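Below is one structure, written out as structure tokens; the observations come after it.
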Amino acid sequence: MLNILIIIPLLTVLGILFTVKWEQVRWVALVGMSLQLLFSLFLLWQFLAMEGVSESGMRLEESHLWYKHLNITYSIGIDGISMALILLTSVVIFSGILASWNVETMTKEFFLLLILLSTGVFGFFISLDLFTMFLFYELAVIPMYLLIGIWGSGPKEYAAMKLTLMLMAGSALLLVGILGLYFHSSTDGQLSFHILDIARQNIDSGTQRWIFPMTFIGFGVLGALFPFHTWSPDGHASAPTAVSMLHAGVLMKLGGYGCFRVAMFLLPQAADELSWIFIILTTIGVIYGAFGAVVQKDLKYINAYSSVSHCGLVLFAILMMNKTAFNGAILQMLSHGLMCALFFGLIGMIYARTGTRDITKMGGLMKVMPFLSVSYVICGLASLGLPGLSGFVAEMTIFVGAFDHPDAFHRISTVIAISSIVVTAVYVLQAVAKMLLGPIGEEKFEKITDAKWHEKLSSMTLIIAILIMGIIPLWLSDMIYDSLDLMMNKFSTLSYLVE
Amino acid sequence: MNIMDAIVLLRNEALLTLLVLVLIVAEIASGDHKRHISYIALTGMLIISITSLFSTDEGILFGGMFLQSDMTQLMKGILNIGTFIVILQSVEWVSKDENIPRTSEYYALMISTLIGMSFLISSGDFIMFFIGLELATLPLAALASFEVSQARSAEAGIKMIMSAAFSSGISLMGISMLYGLGGSIYFSELSFNAIASPMTILAMVLFFTGLAFKISLVPFHFWTADVYEGAPINISSYFSVMSKGAALFILLIILMKVFSAAIEIWQPLIYIISVVTMTVGNLFALRQQNIKRFLAFSSIAQAGFIVLGLYSGDSAGLNASVYFMLVYVFSNLGAFGVATIISNKTGKENIEDYNGLYKTNPGLSLVMLVSLFSLAGIPPLAGFFGKFFLFASAASQGSYVLVLIATLNATLSLYYYLLVVKAMFINGSDNPIPTIGLELFSKLALIICIIGMVAIGFFGQIHDEIQEIADKFL
Amino acid sequence: MESIFFYLLALVILVFSFLTISSKNILRTAVYLLFVLCATAGIYFMMNYNFLAAVQLTVYAGGIVVLIIFSILLTHQINTRLELASLKKRLIAAVISFISAATFFWALSKTTWPDTNGGVADTSLNNIGLQLMNFGPNGYVLPFEVISILLLASMVAAIIIAKKFSHD
Amino acid sequence: MNWSMTILIPLLPLLSFVVVGLFGPRFGRKISGLIGTFSIVLSAFISLITAFKYFLSSGMDGHYSVIIPFNMEWLRFSDRLHIDMGILLDPISVMMLVVITLISSLVHIYSLGYMKGDVGYERYFSFLSLFTFSMLGLVIATNIFQMYMFWELVGVSSYLLIGHYYDKPSAVAASKKAFIVTRFADLGFLLGILMLSYFTGSFDFQTLTDPDQAAYTQNSGVAFLGLSVVSWALILVFIGGAGKSAMFPLHIWLPDAMEGPTPVSALIHAATMVVAGVYLVARLFPLYLHVAPDALQVVAFTGALTSLFAALIACTQEDIKRVLAYSTMSQLGYMMLALGVSSEINDNLGFTASMFHLFTHAMFKALLFLGAGAVIHAVHSNLMKDMGGLRKLLPLTSLTFLIACLAISGIPPFAGFFSKDEILSAAIASNKWYFAVELLVAGLTAYYMFRLYFRIFWNKQATFSTEIHEAPATMTIPLIVLAALSMIVGFIPFGQYVSWDMSAHHGHINWYLALSSTVVALLGILIAMKRFKGEVNPDATKTGLYRVIENKFYIDEVYVAITRNVIYKRISQPVAWFDRNIVDGAMNGVAWITNATSSRIKSWQSGQLQDYLLAFSAGVVVLFIVLMYLVR
Amino acid sequence: MIEGVGLNHFLILSGVVFFLGMYGFLSRRNMITLLMSLELMLNAVNINFVAFNAYLNNDFLQGHFFALFIIGVAAAEAALAIAIIVLLYRKFNSINIEKSNTMKH
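Chains A, B, C, D and E are the protein sequences, given in the same order. Anchor point for the first sequence: position 35 equals 35 in our numbering, and the numbering is continuous, going up by one each time. Just so we're on the same page, our numbering is the position in the second sequence counted from 1, plus 499. Just so we're on the same page, our numbering is the position in the third sequence counted from 1, plus 973. Just so we're on the same page, our numbering is the position in the fourth sequence counted from 1, plus 1141. Just so we're on the same page, our numbering is the position in the fifth sequence counted from 1, plus 1773.
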């Protein structure tokens, strides 16, 4: 059944290929992605209806042998974590399509690549086999180059190249890590790329110690791990709206999810031993991204740095290695995905109207485009962790989880990370104040119109998702929480870890 | 041995020789309708390609000078298919006014090199090895200087033949030493009483250079770029795939089978060569302006990856290399195919000229894109699988550092492939290449390449099949 | 007695080899090369490889050197004094050649050659002819055939390159 | 007894917020305003019923029990830690419910008139409803995390309302400042919560405030800087409270917050939200008292300092709303002090006193603000120099304002007298210095309030550009109601209802103290009357010290210096620079090095065949040597 | 096999000739002299083969035949090279190897 998640986008791609008029292309894309969204919801319903967790912890598992000799399989399956991220992806891609309704140059190619990218993302989230996971990972990254390079703005070639190369360099490390895992997946008998198979194996700690950094940094690059995050500001700033949305909203989650599923899950011992290095890095990243955002003038840069901070929090939480923090990490991925997508979507819409992204040149936009402005404010509030919106749920879970470590090192880094929420408030409100409030910046802004239907629908989808997550988080949190048992079992073999 | 069995074992070589003869006869018979010769060559190659798909018996002919097995047959098949594609791509160029008088010579020479490669792969002793190698090389030098009106074509020819001669001299020195040390020219009878003795190592290195030269491994690669640039572009593509492939195959066979006991010597050799080759190839490739030079350096870097498969010295490595070569045929010929068409129609060979290509020639740009991505190893194109298996085979020996260097190099290579992609898709141009109407054969060639690149990866059976052949072979 | 003769020939080979690579007159160079080849043929004779020596004389000395002389004439080089390459280049070439040679001789000094001599091969023309046409072990009919393809191809190749086409 | 009705108290405003917020523009101004007002009035009504029920029926035996009519799991962190959403009824929360809904209803009604003609009318009402909802959620929180959530929501609705006039840069800046400063303080709150919950394994107030549990006894040892871990946690929590309640030095946002519409100031920045800090400390009071008395010292000291400090500044301000804002701060200081000095010695009178003062203060301070609003509404200015002699033009406003001034000054029998008296008696029982300070502040309070009063309503008649007339009924009715309340609420026997252990106490008035404080207050009034009843030249009296005080001790400037110079220039800009140049530079550097290497080795490919072959030969030799080295 | 002459003497002779040829190939400018240097190298290799055949593997004539085929290939190589040299001479009007460096970097 999970195959449908890949089949729908692929069919959409085909559909787009055979569509002639550019006006129709976007409709094809929209219909495809609406189906995808509906199917994700259906899947969620199915998932929640399913009683109990199977022995492997995964549901709807399927496995087909692909490369017999290397025992590469096409294995898919979901647990609560992937389910949540699939939902996120389908929401974001849906609103991404709507947000890029007005792409007029090479429309066909644009939507084609966009949906191809989303195929990669869906595939990644349902993969249980490291090989296919890696395959989908790269499939998701590469269309980015063209999407930014062709439809981007500013120094787009540079940004696209930097982004692609840094991410691919990350995946270079990752590949080595994956091969390392593969060749240690069994001491006798058949080697395997299957995550659950590898998880059953206790890899010796010396091996873990070198594979862990490889995989963690490899995925971490995409998860904006400091200091490998520099592709993010330039990349986001140059990318077209929907791409920024998808990239910040979904693609960066691949990094976090990968760190979680591969680095932490399969290499618990090394994770425990080496986490301090990465905790330092992520703590720096969290606070550093926030401070970096304070002085930015370009809206996209503000959000890019804020992403560094928020995604740093994801990795930070993952490294805290207890159930609550893991839960928080996944929630933060969802929350950040939704609000970052909304942010970038709104920025795109604002940019399309004002022709600038410099907050010092804008002002008073609340008057002329109340819908977009209010959406922006809601998003900003979600970003700074206002209760009732998604950010709060995620951040608090992380903080509570992270605070569960009694030693001074974890405590101090937690406190530093928490203090970022103040800085977040500073830059969010600063942007809101300069851009939306105050007197109208330039005369030409007075003629600006508010959002069109597709823009409204795009924003509303995300806002509703943010609200649902913020107001009734329990089902989501429980869904993720219950799926963490698999992970925790793996950790429980390490007697010295605190639960 | 039954004569019929012998002919069946020799079918590839026999048919190719027959084709050469037919071509020469056709030259006389064709008169003014030289274009028909192209069709003959095409049909011939198609038939031969198809026959090479069938599995074969193991066989030893000529007292051990000719060895045939499924593996060698597979290798020949890959080369045949590649040659078929190259010929498809050549038809347009050969039919130009200045080339058409020499049509049959062109094909005859090309196919005679293919005969050489075929014998090279099947060689069971050093004499056949040497003659096969020379037959695979010498006519190519002539083909490189085929465009007699072009000075740089002549220059390519001289660089090719001089380098080749020098390298075969060095290599022969090594062979003579191996003969002295091993006591025989037959691979099966070679025996070394002290593998790690200085002379054995020296002889092996000297011998290795002859093939390294053909595969364009650093530091024996310098001729490559100049020759590719100067030679007619079809010949460059032939160089980059077939010539390289044949040498790689025989290197695989010799190292893994003949010198399998000497793995402690050549494993570090491959390590060093592989690292140096991909790094240097990449570093040069990223600053090239001419598409042929660019592809030349890219193919050098690819060669660095290919020899990774040798590193493990087991059947998985053999499989990985052969599999990659299969993929590489389609990928590289796809890229070269586009470059050929553009060069033939407009004479433009600089990457700058490709600016804005997508606007005017979306089809060609897409083929180029897919080919370059396949070369760069981007999923789900076949190149990704090929590279992955190469890395996996190297990693199976525990050499993760080597794999890391390779993967980082793959990233670096992505950079320059993206430069071309950027030129085609992103850059604008005041004077773009006009829309090109494709001829049937060129189109067909591109379609075959695309199918190859897109489809191969999805069929795991191909890999498994090669694995079985490789297991049987070693 | 034989050994003295060998050393004499060896000396000839060495001296003329050296002259071949150092002479400034191209025609003389060709002649020096001829001497080298002939002296080598002499060694072959001494070793009882008469057929090989004959081939050496006819193909090498008679064929290739003549070909070279023709090409000298064709390219109007007969009177030009060869210019020397730059000192730097010669120096680098000398150093690299010398190091290569040194490595080679060092390796040679470390080598004991395995002696697998059993009997003495028949080097008569008759036997050689039989072996050349034999397709069993130690028969050389296959290389013989393949080299014919090589020669054919080379011939075709040489023709298409050197031939002047009408529109050239 | 069925308390499920109470759930409507917060839900009605929430509903109003959603309905008005989403459909306000559709409904039109009038209906939106009415929906908002009606829902909150209904909510107030239910609150009053609840209060009656609670105090009269539940506390018959002199002891009130905690009632949790509703509690539902909202988010689960781990097996032991989870956030619940629920309703907790105990004396202080019921008292707060009444205060909030009452003041809010009056402010709503008042706003119907005050905001008439404003562009963002619907927005205003929806946010007002949001605020009310959040504030109600805060006080009825069953656990500290729920409180934190609503705490944040309160902060954001305050932000939204302060920035109501969002095209005015000063309002925008003020709203931003308010949010960020309180956010900073909330950081302390959050850390405090995390620490407390880590030790106790619960967010629940009932578990949390049980001082006997093992977590506290185990962690009572000195951990850091002479204080125990729990003390630190409670100090951190107090920082959160101090931020909301504008305690020194986190007070800087409150005066600026006066940029918002005046009814908002009355509701949020005088009566309800700013007392959240006090309420927080009161909520955790058993914990402070038993586990961390040293934290309570901090509370007391901060309260005393703030009350004095703010009172001094209030004497110098020209903007009437700012005077009131500083006055609020000063009174909040009183409340904090009262909590801080509360101890076993005098039966924890301070706790009751604090709550009592909170209660009375809400009434008269709201009245003051609303009165000031009426004045501003008439005069269209906030500055005293534009006013004067208004008592004839605005007789009703003048009268109610006078009542409020008397109430806040602590003149019997107005409400403030009773509560202030209790505070003073609590203070004197604890520390003489605190008493002295508070007495001084009482005098100062009287002084600045009457300075305000005289300068607005007496003084010389100012000239006005427009005609001045009394406000409409929607605005005057709340004034009258509040004036009435300010007069009578002091007589409520507060100790019987609200006390720290939830049992009824019988308070009594300490007449010596009452006398002394009244005298001091009267003295203040007299001085003010002497100086400001007639014409004044505001510039004449400005000495150096006066200027320092007028400029609020330059605290704002210090803050600006810190934020601008340290955070912005010393941290953020360097971080941005570092990112652009060092981190990004490193990545670009890798690319540069690759390119440079590439162009450096370009000459290898010289086009000279012999160079190639030289490399070839050299390669052979090098390979051989390396292999010799490696193999052997 | 020659009485009184060891295998190493042959090898030293061939080695010296080979590396002289190599030096010539690497240092001379005229393409025809390059070709001649190459012949020296191949000749040296032939000596090797013959010597090994005579001294070590006298059972068969493998080295002998190898030398024979090398001569044949060398002839083909030389012929082709000369054809290209002639072609080049027509284009560049020079057979200086250093002059044909139009393609580089």
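Where is the CB? At the ideal position from N, CA and C, for every residue including glycine. Keep in mind it's a predicted model, so treat the numbers as computed, not measured.
C-beta contact flag for residue i and residue j at 8 Å
i: Ala-1545(D); j: Leu-1499(D); result: no
i: Thr-708(B); j: Val-1761(D); result: yes
i: Phe-1492(D); j: Ala-1423(D); result: yes
i: Leu-1377(D); j: Gly-1342(D); result: no
i: Glu-512(B); j: Phe-583(B); result: no
i: Val-1660(D); j: Ala-1452(D); result: no
i: Leu-1565(D); j: Ser-1658(D); result: yes
i: Ser-238(A); j: Gly-152(A); result: yes
Pick from the options that is closest to residue i, judged by C-alpha positions
i: Gly-391(A); options: Ala-451(A), Phe-42(A), Met-1(A), Ala-329(A); result: Ala-329(A)
i: Asp-1095(C); options: Tyr-1022(C), Val-1009(C), Ile-994(C), Ser-996(C); result: Tyr-1022(C)
i: Ala-954(B); options: Ser-554(B), Leu-552(B), Phe-883(B); result: Phe-883(B)
i: Thr-119(A); options: Ser-100(A), Ala-99(A), Thr-449(A), Ile-142(A); result: Ile-142(A)
i: Ala-695(B); options: Ile-762(B), Ala-635(B), Ser-742(B), Asp-556(B); result: Ile-762(B)
i: Lys-847(B); options: Ile-790(B), Val-866(B), Ser-928(B), Pro-861(B); result: Ile-790(B)
i: Lys-300(A); options: Thr-324(A), Phe-265(A), Phe-260(A), Ala-248(A); result: Ala-248(A)
Interface partners of residue i on chain D, CB under 7 Å
i: Thr-1806(E); result: Ordered by position in chain D, no residue passes the 7 Å Cβ test against Thr-1806(E), which lies about 12 Å from the chain.
Integer-rounded CB distance, given that residue j should sit under 8 Å from residue i
i: Leu-889(B); j: Phe-804(B); result: 6 Å
i: Leu-429(A); j: Lys-1317(D); result: 5 Å
i: Ile-536(B); j: Ser-529(B); result: 6 Å
i: Phe-1825(E); j: Tyr-915(B); result: Wrong, their Cβ atoms sit about 47 Å apart, outside the cutoff.
i: Leu-863(B); j: Val-920(B); result: Not confirmed; about 13 Å, so no contact.
i: Ser-1338(D); j: Val-1280(D); result: Ser-1338(D) to Val-1280(D), Cβ: 20 Å. No contact.
i: Leu-87(A); j: Ser-34(A); result: Their Cβ separation, rounded to whole angstroms, is 14 Å, which puts Leu-87(A) and Ser-34(A) out of contact at 8 Å.
Per-residue contacts from residue i into chain B (C-beta, under 8 Å)
i: Val-1772(D); result: Ala-695, Ile-700, Glu-763, Ile-764, Pro-767
i: Ser-1739(D); result: Leu-782, Phe-783, Leu-785, Arg-786
Interface residues of chain C facing residue i [CB-CB closer than 7 Å]
i: Met-1809(E); result: Thr-993, Thr-1002, Ala-1003, Leu-1006, Ile-1041
Within chain A, partners of residue i - CB distance below 8 Å
i: Ile-1690(D); result: None at all; the shortest Cβ gap to chain A is about 30 Å.
Interface residues of chain D facing residue i [CB-CB closer than 8 Å]
i: Phe-1798(E); result: Gln-1751, Leu-1754
i: Gln-296(A); result: Ala-1717
Chain-ordered chain E contacts of residue i [CB-CB under 8 Å]
i: Ser-1758(D); result: Met-1795, Leu-1799
Under 7 Å from the C-beta of residue i: neighbouring residues of chain B
i: Ile-1858(E); result: Ile-657
### Task
Just list the alpha helix (DSSP H) runs in the stretch 728–788 of chain B, keeping only unbroken ones of 4 residues or longer that don't cross its boundaries, in chain order.
Listed in chain order, they are 732–737, 743–752, 762–784.
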